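Visitor:
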Amino acid sequence: MSRPCCRERSRLGALARRGLDVVGYVVPAAVLALLPKCPLCLAAYLAAGTGLGIAISTAAHLRMLLLVLCVTCLVFMATKHAARFAR
């Protein structure tokens, strides 16, 4: 027989897990939605936000890296969700 404190802990763990799942979808999707299409715009946003200037070629590589990371994260989350749903 489980104690009430153990059930409460497992309920909080499930709630935290669900919250992390939602964040795992929302954050990469928001970054993809807000990611500028032009490397020059990314360099300008970075300079305006942080005061650091970067070269256009660096901004192009950074943009591609962000794009790949966000898509990879979304694919991973979708695969994890599909595997859990298939069980």
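First residue of the sequence shown: 12, per this note's numbering; consecutive thereafter. For every residue, glycine included, the Cβ atom is placed at its ideal position computed from N, Cα and C. Predicted, not measured: the structure shown is a model, and the values here were computed from it.
When we look at the beta-carbon of P47 and count the other beta-carbons within 10 Å, is it buried (16 or more) or exposed?
Guide: Taking the first residue of the sequence shown as 1, we reach residue 47 at position 36. Flag for P47 reads exposed.
Visitor: What are the start and end residues of each continuous alpha helix (DSSP H) run of 4 or more residues lying completely inside the segment 47-83, in chain order?
Guide: 50-61
Visitor: What is the DSSP secondary structure of R28, counted as helix, strand or coil?
Guide: Locating residue 28 in the sequence shown gives position 17, where the first residue counts as 1. The three-state secondary structure of R28, taken from DSSP, is helix.
Visitor: Is it the case that the Cβ atoms of A44 and A70 are separated by a distance below 9 Å?
Guide: The residue labelled residue 44 in the question sits at position 33 within the sequence shown. The residue labelled residue 70 in the question sits at position 59 within the sequence shown. No, the Cβ-Cβ distance between A44 and A70 is not below 9 Å.
Visitor: To the nearest whole angstrom, what separates the beta carbons of L85 and P39, a pair I think is in contact under 8 Å?
Guide: On the sequence shown, residue 85 is found 74 positions in, with the first residue counted as 1. On the sequence shown, residue 39 is found 28 positions in, with the first residue counted as 1. Rounded, the Cβ-Cβ distance is 5 Å, consistent with contact.
Visitor: Any idea what DSSP makes of R98, helix, strand or coil?
Guide: Residue 98 sits at position 87 when you count from the first residue of the sequence shown. The answer is coil: DSSP assigns R98 none of H, G, I, E or B.
Visitor: Considering only their Cβ atoms, is the gap separating I65 from A58 smaller than 9 Å?
Guide: Locating residue 58 in the sequence shown gives position 47, where the first residue counts as 1. Locating residue 65 in the sequence shown gives position 54, where the first residue counts as 1. A contact, by the Cβ cut-off of 9 Å.
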